[in-house]
Amino acid sequence: MHERRRFWRRAGPLFGVVVGLALYRRVIALPFFHDDVMVLRALSQQSLADIWWSSPLLPYYRPLSYLPWKLMQAASGRADPFLAHVLVLSIHLVNTALVGALARRLAPPARRDAAGALAALLFAVFPFSYQVVAWTSAIPHVLVTLGMLGAVLAALRWRRTGQARLMLAVWAGAFLATFAHENGVLALPFVMAALCVGGAPEKGRRGSAARLVLPVAAMAAWYVVGWLSAPKTTAGPSLSIESAAQNLAYFSQGLAHPVSMPGGALVRQGANDLTAALGLGVLGIVILVAALWRRRGMWALLWYALALGPSALLLGFHYVVDAPRLMYLPSVGAALAWACALAGPDNAGRRRVWGGVSAAALIALAGAWFVTGRMALYGRMDSFYDAVNRFAAREPAGPAVSLNTPAWIAYHDSVYALGHEGVAFLADYMTPGDFIWANTGAELEVTAVRVGALVHPTSYWVGYQGAEVDFDWLQVRAPAYYQMVAVDDAMTLYAAWHETTPAGEPLAVFDNGMTLVGGGLDDGYVILHWRAAQPVDETVFVHALCDGARVAQADGPPLDWGSAAWREVRQLVLPPGVGRACLRVYVGLYDAANGARSAAHDAAGAPFPDDAALLP
Numbered sequence: 000m001h002e003r004r005r006f007w008r009r010a011g012p013l014f015g016v017v018v019g020l021a022l023y024r025r026v027i028a029l030p031f032f033h034d035d036v037m038v039l040r041a042l043s044q045q046s047l048a049d050i051w052w053s054s055p056l057l058p059y060y061r062p063l064s065y066l067p068w069k070l071m072q073a074a075s076g077r078a079d080p081f082l083a084h085v086l087v088l089s090i091h092l093v094n095t096a097l098v099g100a101l102a103r104r105l106a107p108p109a110r111r112d113a114a115g116a117l118a119a120l121l122f123a124v125f126p127f128s129y130q131v132v133a134w135t136s137a138i139p140h141v142l143v144t145l146g147m148l149g150a151v152l153a154a155l156r157w158r159r160t161g162q163a164r165l166m167l168a169v170w171a172g173a174f175l176a177t178f179a180h181e182n183g184v185l186a187l188p189f190v191m192a193a194l195c196v197g198g199a200p201e202k203g204r205r206g207s208a209a210r211l212v213l214p215v216a217a218m219a220a221w222y223v224v225g226w227l228s229a230p231k232t233t234a235g236p237s238l239s240i241e242s243a244a245q246n247l248a249y250f251s252q253g254l255a256h257p258v259s260m261p262g263g264a265l266v267r268q269g270a271n272d273l274t275a276a277l278g279l280g281v282l283g284i285v286i287l288v289a290a291l292w293r294r295r296g297m298w299a300l301l302w303y304a305l306a307l308g309p310s311a312l313l314l315g316f317h318y319v320v321d322a323p324r325l326m327y328l329p330s331v332g333a334a335l336a337w338a339c340a341l342a343g344p345d346n347a348g349r350r351r352v353w354g355g356v357s358a359a360a361l362i363a364l365a366g367a368w369f370v371t372g373r374m375a376l377y378g379r380m381d382s383f384y385d386a387v388n389r390f391a392a393r394e395p396a397g398p399a400v401s402l403n404t405p406a407w408i409a410y411h412d413s414v415y416a417l418g419h420e421g422v423a424f425l426a427d428y429m430t431p432g433d434f435i436w437a438n439t440g441a442e443l444e445v446t447a448v449r450v451g452a453l454v455h456p457t458s459y460w461v462g463y464q465g466a467e468v469d470f471d472w473l474q475v476r477a478p479a480y481y482q483m484v485a486v487d488d489a490m491t492l493y494a495a496w497h498e499t500t501p502a503g504e505p506l507a508v509f510d511n512g513m514t515l516v517g518g519g520l521d522d523g524y525v526i527l528h529w530r531a532a533q534p535v536d537e538t539v540f541v542h543a544l545c546d547g548a549r550v551a552q553a554d555g556p557p558l559d560w561g562s563a564a565w566r567e568v569r570q571l572v573l574p575p576g577v578g579r580a581c582l583r584v585y586v587g588l589y590d591a592a593n594g595a596r597s598a599a600h601d602a603a604g605a606p607f608p609d610d611a612a613l614l615p
């Protein structure tokens with residue numbers, strides 16, 4: 000019996016770690032994106048010592064969070080996205096195991112193993128963590144949580160044993176938390192709360208709480224002085240009662256996330272989003288309070304409230320509603336609360352235990368489903384931006400204009416009542432050139448604009464980068480064009496350059512006056528050389544067939560806009576398992592209004608079957 004309990008004590012939290020790894024494994028293949036780029040730009044201009052004394056190019060003072068980035072830059076000249084993502088994911092998995100260990104400390108003796116396993120699992124599938132684990136620039140959130148969990152666990156153990164090494168562990172955890180993120184100053188109240196619930200000391204093992212707490216308080220004071228004195232790019236926090244009320248409604252969804260999931264459906268039925276979020280949030284909190292009343296699990300609710308206090312009171316709702324990462328540290332409290340509630344008290348009967356296990360399984364499945372959906376969105380954007388990086392590496396590095404570059408993507412239907420549940424790759428302050436620099440080191444001058452006439456409908460909401468322009472602007476301003484659009488829900492890339500001397504016999508001549516001078520397939524891209532006497536109002540089709548079946552296409556308008564000759568590059572997104580050997584690529588023109596194809600013939604006047612020219 001003793002060996003079996005020891006197995007579950009170790010294997011319970013490990014199951015949550017395995018689930019967390021399965022959910023987030025694909026993040027290690029993601030590039031640097033969004034705020035990652037801002038951090039990389041700023042740190043490339045600072046020394047290793049600078050990050051401890053100032054933050055002139057960043058809006059935060061977080062020296063320990065920037066340290067791994069600077070070490071990578073110092074070792075190889077630039078940060079590596081693979082290593083950065085592995086680091087964030089690894090810390091998240093360690094946090095998952097620590098949450099399980101903390102739950103065992105809070106649960107009744109007979110329910111410790113169950114609570115530890117459930118807490119680790121629920122932390123791993125917490126729906127609002129998807130942004131933190133995917134963004135390498137969100138490393139402050141995983142580090143502050145690691146430090147806080149370490150300090151609290153060590154303080155709970157120290158309360159009972161008084162061992163000096165545990166006091167050192169408390170200080171180390173508090174130091175990591177404090178200098179990784181602004182919320183690290185909460186290490187002081189967290190450690191003090193841990194001392195209050197840590198139980199009676201073992202006989203002859205009493206230590207001085209003041210000796211433990213005073214250095215933690217000194218670290219918090221040191222950080223506050225550093226934060227106030229370090230130059231930063233943004234102003235300090237501000238207090239707004241309206242924003243605070245909105246923030247509390249949004250954050251209540253995190254604590255009550257198993258109950259709050261129908262919020263999006265209620266809003267689609269006509270409910271007010273704030274009312275739906277707050278109503279479901281309060282319902283979930285009432286359920287937790289009723290289940291945990293007069294038990295140590297109530298401490299988990301205090302964790303959630305304390306961890307969210309600064310963000311709820313001091314940040315604007317316009318920022319909070321787009322930042323589920325703010326709920327990462329508080330999610331420890333949510334996981335602990337639901338785990339202790341579902342594990343039940345010491346005297347829980349068999350029916351009560353199995354009911355809790357069943358409810359936990361449903362909550363875990365719902366969270367995993369939500370996270371899996373966000374990971375699919377990241378994967379869709381990643382496949383597109385991988386093509387952007389490869390494309391930039393092979394094409395000329397001159398100034399260019401990117402058209403309809405997807406900055407973010409989201410499902411049409413939200414799950415929760417409040418919040419932006421999509422994924423973003425490009426921030427408003429950056430260009431596609433910044434993204435390319437962060438991942439390849441190449442400096443490209445790229446201006447992002449939107450052309451409404453080129454937007455294709457998709458089953459997602461897609462946000463495009465840049466200001467709206469028309470074709471006249473492009474003809475005057477753009478030396479080269481990148482067209483990046485969502486077509487049939489697949490992110491694809493087109494590009495065009497003006498050519499002055501397209502050479503060779505034409506591959507195809509169309510009756511609307513356009514001539515396909517030449518073309519071919521190269522590394523997943525279709526290269527087309529066009530010539531036209533005047534702009535045409537027809538759509539180019541590019542169909543890739545394998546054994547007679549169409550496996551990919553890259554349709555869209557010809558990117559001429561008045562040019563006499565131009566070169567186009569169109570990306571083909573091939574399904575898995577389709578090789579180059581079986582591909583046959585056909586090109587032609589059609590009228591988008593009725594689908595009628597423009598007649599096509601070769602240089603000798605022989606018509607092409609189906610008016611489609613086969614590329615060599």
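Here numbering that gives the first Met the number 0 is used: the first residue of the sequence shown is 0, the next is one more, and so on.
Glycine included, every Cβ here is placed at the ideal spot set by N, Cα and C.
Note that this is a predicted model, so its numbers are computed, not measured.
Exercise for the section: Could you name the residues of the same chain whose beta carbon sits closer than 7 angstroms to that of Val143, not counting the 5 residues immediately before and after it, in chain order? Expected result: Taking the first residue of the sequence shown as position 1, residue 143 is located at position 144. So the qualifying residues of the chain are Ala176, Ala179, His180, Asn182, Gly183, Leu328.
Exercise for the section: Alpha carbon to alpha carbon, how far is Ala123 from Trp302? Give it in angstroms, no decimals. Expected result: As a first step, residue 302 is located in the sequence shown; it is residue number 303 there, counting from the start. As a first step, residue 123 is located in the sequence shown; it is residue number 124 there, counting from the start. Approximately 17 angstroms between the Cα atoms of the pair.
Problem - Cβ-based neighbour list, Ala119, same chain, cut-off 6 angstroms, excluding 5 preceding and 5 following - result: Here residue 119 is taken as the residue at index 120 of the sequence shown, counted from 1. Pro12, Gly15, Thr95, Val98, Gly99, listed in sequence order.
Exercise for the section: Use the C-beta contact count for His317: other C-beta atoms within 10 angstroms, 16 or more gives buried, fewer gives exposed. Expected result: Mapped onto the sequence shown, residue 317 falls at position 318. The residue in question, His317, is exposed, as its Cβ has fewer than 16 Cβ neighbours within 10 Å.
Exercise for the section: Use the C-beta contact count for Asn271: other C-beta atoms within 10 angstroms, 16 or more gives buried, fewer gives exposed. Expected result: Along the sequence shown, one-based indexing puts residue 271 at 272. Exposed.
Exercise for the section: Take the Cβ of His411 as the centre, count every other Cβ of all protein chains shown within 10 Å, and call the residue buried at 16 or more, exposed below. Expected result: Locating residue 411 in the sequence shown gives position 412, where the first residue counts as 1. With fewer than 16 other Cβ atoms within 10 Å, it is exposed.
Handout entry: Continuous beta strand (DSSP E) stretch holding Tyr463: start and end
Key = Here residue 463 refers to the residue found at position 464 of the sequence shown. It spans 459-463 - the beta strand (DSSP E) in which Tyr463 sits, taken as one unbroken run.
Problem - Within 8 angstroms, strictly: CB atoms of Ala447 and Phe424 - result: Locating residue 447 in the sequence shown gives position 448, counting from the first residue. Locating residue 424 in the sequence shown gives position 425, counting from the first residue. Not closer than 8 angstroms, so no.
Handout entry: Extent of the continuous beta strand (DSSP E) run through Gln570
Key = For the purposes of this step, residue 570 is taken as the residue at position 571 of the sequence shown. Run containing Gln570: 564-570, per the beta strand (DSSP E) assignment.
Practice task
Starting from the Cα of Arg583, find the closest Cα among Val525, Pro606, Asp554 and give me that residue.
Solution key: Translated into positions along the sequence shown, residue 583 becomes position 584. That would be Val525, whose Cα lies nearest to the Cα of Arg583.
Practice task
Can you tell me the Cβ-Cβ gap for Gly283 and Leu313, rounded? I've got them flagged as a contact below 8 angstroms.
Solution key: For the purposes of this step, residue 283 is taken as the residue at position 284 of the sequence shown. For the purposes of this step, residue 313 is taken as the residue at position 314 of the sequence shown. Gly283 to Leu313, Cβ: 24 angstroms. No contact.
Handout entry: Euclidean distance between Cα positions of Val445 and Val132
Key = Taking the sequence shown and counting its residues from 1, one reaches residue 445 at position 446. Taking the sequence shown and counting its residues from 1, one reaches residue 132 at position 133. If I take the Cα positions, the gap works out to 29 angstroms.
Problem - First through last residue of the beta strand (DSSP E) which encompasses Ala399 - result: What you label residue 399 is simply residue 400 of the sequence shown in a count that begins at 1. Taken as a continuous stretch (DSSP letters only), the beta strand (DSSP E) holding Ala399 covers 399-402.
Practice task
Name, in chain order, the residues that DSSP records as bridge partners for Gly555.
Solution key: In the sequence shown, residue 555 corresponds to position 556, counting from 1. Val539.
Handout entry: Residue interval of the alpha helix (DSSP H) (run including Tyr415)
Key = Position 416 of the sequence shown, counting from 1, holds the residue named residue 415. DSSP places Tyr415 outside any alpha helix (DSSP H), giving it a letter other than H or E.
Exercise for the section: Indicate whether Gly332 and Gly343 have their beta-carbon atoms separated by less than 8 angstroms. Expected result: Numbered from its first residue, the sequence shown carries residue 332 at position 333. Numbered from its first residue, the sequence shown carries residue 343 at position 344. Contact flag unset, no.
Exercise for the section: Keeping to the same chain, check which residues put their C-beta closer than 6 angstroms to that of Ala102; ignore five residues upstream and five downstream. Expected result: Numbered from 1 along the sequence shown, position 103 holds the residue referred to as residue 102. So the qualifying residues of the chain are Ala114, Gly115, Ala118, Leu335, Ala338.
Exercise for the section: Starting from the Cα of Trp68, find the closest Cα among Cys545, Ala437, Arg549 and give me that residue. Expected result: What you label residue 68 is simply residue 69 of the sequence shown in a count that begins at 1. Ranking the options by Cα distance to Trp68, first place goes to Ala437.
Problem - Helix, strand or coil at Arg549 [DSSP, three-state] - result: Taking the first residue of the sequence shown as position 1, residue 549 is located at position 550. Looking at Arg549 - three-state DSSP - the assignment turns out to be strand.
Problem - Run of the alpha helix (DSSP H) containing Trp620, from where it starts to where it stops - result: Residue 620 lies beyond the stretch modelled for the chain, which goes from 0 to 615, so this question has no answer here.
Practice task
Decide if the region 546-555 is in contact with the region 597-608; the criterion is three or more beta carbon pairs, one per stretch, under 8 angstroms apart.
Solution key: no
Exercise for the section: Could you tell me whether the Cβ atoms of Glu537 and Leu588 are closer together than 8 angstroms? Expected result: Here residue 537 corresponds to residue number 538 of the sequence shown, with the count starting at 1. Here residue 588 corresponds to residue number 589 of the sequence shown, with the count starting at 1. Cβ distance < 8 angstroms, so Glu537 and Leu588 count as in contact.
Practice task
List the whole-angstrom C-beta distance separating Phe189 from Val151, where the pair is believed to meet the contact cut-off of C-beta under 8 angstroms.
Solution key: Translated into positions along the sequence shown, residue 189 becomes position 190. Translated into positions along the sequence shown, residue 151 becomes position 152. Going by Cβ atoms, the distance from Phe189 to Val151 rounds to 6 angstroms, so yes, they are a contact pair.
Exercise for the section: Assign Glu181 to one of three DSSP states: helix, strand, or coil. Expected result: Residue 181 sits at position 182 when you count from the first residue of the sequence shown. Reduced to three states, the DSSP call for Glu181 is helix.
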